[in-house]
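Asks: Under the UniProt record's numbering, the sequence shown has 87 at position 87, and the numbering climbs by one with no breaks.
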Amino acid sequence: MPADHRLLGETAHAQPYLVLGDKYARAVKISAQAQPVMFPLADAAQVPQLLAQVDGVVLTGSPSNVHPRHFGEAVADPRLPLDEQRDEVTLAVVREALARDVPLLGICRGFQEINVALGGSLHQAVHALPGHLDHREPKEAPLEQQYAPRHEVTLQPGSLLHRLAGGAPVVRVNSLHGQGIKRLGRGLRAVAHAPDGLIEAVEFEAAHAFALAVQWHPEWRCWEDALSSAIFRAFGEAVRQRRARRLREARTFAAAPETPA
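Structure, rendered in structure tokens:
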């Protein structure tokens, strides 16, 4: 799970911290039944080595946005936070995880990171687009209201997400984002759309392991929502399958006779 890079504390004495949201780690621990791990201060060159030590990747949401230079645009609103240190690692993680068949779950910023890593682009202000909803949360409201279901999404029949939803054609989700997918990344398939047409979930067409990303926040009290629970359970099962495969391969390698010099 990636670390966010933030300055915390009073402005005059703010210090840098590496942060992982409790709700993401808790959802992985409880509903996926997996142990969350972080690699603080990792860089992109270390990604192949680090992925060899884990059995899944969750790319979390964050207050920060993916820097638009990664899809060829300038920053539209300099007031919004960025996290280029996270970008450096997570964009590399996406490509490497998909190449190595490491189970991958993207949430909100993580959903957008997956799209950008595969050559896609983002709307920097969905609410400013004609005919689109304002997908941002009411920031002054209590968290229970911020994370309450806000709109419906229509699911693509036959998709993994559709199956996890028990075949339901439409589900209601929360909505806490200002940016969204503009151009879909290579190899991705849109499997859920908001009423305004915005892509809300993607799957990787050529994936041989779990690979799903959603624009909403299923981690929020995921044990209280059927689809959210199903997403994390399916991710957890994929993680355990990868772990079993890694252990088999390690035993096979250890048992192989040495080649004479």
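Cβ atoms here follow ideal geometry from the backbone N, Cα and C, with glycine treated the same way.
From a predicted model like this one, the values you see are computed outputs, not experimental measurements.
Please work out which residues of its chain come closer than 6 Å, Cβ to Cβ, to A32, disregarding the five sequence neighbours upstream and downstream, and give them in chain order.
Replies: By 1-based counting over the sequence shown, the position of residue 32 is 32. Around A32: F232, F235, G236.
Asks: I'd like to check one pair, R109 with H5: are the Cβ atoms closer than 8 Å?
Replies: Taking the first residue of the sequence shown as position 1, residue 5 is located at position 5. Taking the first residue of the sequence shown as position 1, residue 109 is located at position 109. For H5 and R109, no; Cβs fall outside 8 Å.
Asks: Compare the C-beta of V75 against all C-beta atoms of chain C and say whether one is closer than 8 Å.
Replies: This model lacks chain C altogether, as it is built from one protein chain only.
Asks: Start and end of the alpha helix (DSSP H) containing Q49?
Replies: Taking the sequence shown and counting its residues from 1, one reaches residue 49 at position 49. Unbroken alpha helix (DSSP H) run through Q49: 47 to 51.
Asks: Does DSSP classify N65 as helix, strand or coil?
Replies: Taking the first residue of the sequence shown as position 1, residue 65 is located at position 65. Here N65 sits in strand by DSSP.
Asks: Just to confirm, are V153 and E200 a CB contact at a threshold of 8 Å?
Replies: Counted from its first residue, the sequence shown places residue 153 at position 153. Counted from its first residue, the sequence shown places residue 200 at position 200. Pairing V153 with E200 gives a Cβ-Cβ distance under 8 Å.
Asks: If you compare alpha carbons, which of Q46, A14, G61, A42 is closest to K23?
Replies: As a working mapping, residue 23 is identified with position 23 in the sequence shown. Ranking the options by Cα distance to K23, first place goes to G61.
Asks: Would DSSP call H151 helix, strand or coil?
Replies: As a position in the sequence shown, residue 151 is number 151, starting the count at 1. In the structure shown, H151 sits in a strand (DSSP, three-state: E or B).
Asks: Roughly how far, in whole angstroms, is the beta-carbon of D225 from the beta-carbon of L133, given that I think they are within contact range, below 8 Å?
Replies: In the sequence shown, residue 225 corresponds to position 225, counting from 1. In the sequence shown, residue 133 corresponds to position 133, counting from 1. No, D225 and L133 are not in contact; Cβ-Cβ is about 21 Å, not under 8 Å.
Asks: To the nearest angstrom, how far is the alpha carbon of A14 from that of P81?
Replies: As a working mapping, residue 14 is identified with position 14 in the sequence shown. As a working mapping, residue 81 is identified with position 81 in the sequence shown. For A14 and P81, the distance between alpha carbons rounds to 15 Å.
Asks: If you run the structure through DSSP and keep just helix, strand and coil, what is H127?
Replies: The residue labelled residue 127 in the question sits at position 127 within the sequence shown. Here H127 sits in helix by DSSP.
Asks: Would you give the residue range spanned by the beta strand (DSSP E) that D4 belongs to?
Replies: Counting from one through the sequence shown, the residue named residue 4 turns up at place 4. DSSP places D4 in the uninterrupted beta strand (DSSP E) bounded by 4 to 8.
Asks: Please classify L41 as buried or exposed, where buried requires at least 16 other C-beta atoms within 10 Å of its C-beta.
Replies: The sequence position of residue 41 within the sequence shown is 41, counting from 1. Result: exposed.
Asks: Could you give the C-beta distance for R242 and D77, rounded to a whole number, given that I count them as a contact under 8 Å?
Replies: For this step, residue 242 is matched to residue 242 along the sequence shown. For this step, residue 77 is matched to residue 77 along the sequence shown. Contact flag wrong, Cβ pair sits at about 39 Å.
Asks: Are the beta-carbon atoms of L160 and E205 separated by less than 8 Å?
Replies: Sequence index remark: in the sequence shown, residue 160 carries index 160 (1-based). Sequence index remark: in the sequence shown, residue 205 carries index 205 (1-based). Taking a C-beta distance under 8 Å as the contact criterion, L160 and E205 do not qualify as a contact pair.
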